[in-house]
């Protein structure tokens with residue numbers, strides 16, 4: 001079974017982006033969230049990337065129909 005990049009219904013905190021990335025890459029959601037929070041200490045476009053992923057990543061429900 002291939003892992004798709006989707007925002008899961010379970011394990012969300014805000015939009016489910018970190019939980020979806022964790023599922024896709026086989027990591028814990030807590031680790032992805034921690035890495036994201038630590039990345040906020042560096043200059044960059046992390047928040048914009050998060051918002052773009054929120055918009056582009058489909059909900060898990062979108063794939064349940066197929």
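Numbering (UniProt numbering), first residue to last: 1 to 66.
Just so it is clear, CB atoms sit at the ideal spot from N, CA and C, and this is done for glycine as well.
Please read all numbers here as calculations on a predicted model, not as lab measurements.
- Within the stretch 6–50, no run of beta strand (DSSP E) at least 3 residues long lies entirely inside it.
- Nearest to residue 55 by alpha-carbon distance, out of 25, 16 and 9, is 16.
- Rounded to the nearest angstrom, the gap between the Cα atoms of residue 47 and residue 13 is 15 Å.
- One alpha carbon belongs to residue 45, the other to residue 57, and they sit about 18 Å apart.
- For residue 19 against residue 11, the beta-carbon gap comes to about 4 Å, under 8 Å, which counts as contact.
- Excluding its 5 nearest sequence neighbours in each direction, residue 8 has C-beta neighbours in its own chain below 8 Å: 16, 19, 20, 23 and 60, listed in chain order.
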